[in-house]
């Protein structure tokens with residue numbers, strides 16, 4: 001398990017092996033979540049990634065006026 005050191009500016013460098021495995025690019029954004037004494041970094045998807053997830057979703061669905 002790779003370890004990191006917190007700099008005097010409270011920065012950490014993500015180890016190269018992790019960056020490569022997760023395809024992390026400079027400028028990538030993360031949400032930071034505290035779990036007790038642990039810290040979790042959660043990637044924030046880009047607009048393009050969100051749009052790609054929505055491709056193929058049917059948009060021709062007719063609203064059913066009887067559903068309410």
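In full-length UniProt numbering, the protein residues as written are 1 to 68. We put the beta carbon where it would ideally sit given N, CA and C, even for glycine.
Check	Outcome
In whole angstroms, give me the CA-to-CA distance for residue 49 and residue 34.	25 Å
Beta-carbon within less than 8 Å of residue 30's beta-carbon, same chain only, minus the 5 sequence neighbours each way: which residues are those?	41, 42, 43 and 44
Which runs of the alpha helix (DSSP H) fall wholly inside the stretch 9 to 66 and span at least 4 residues, in chain order?	16 to 22 and 47 to 54
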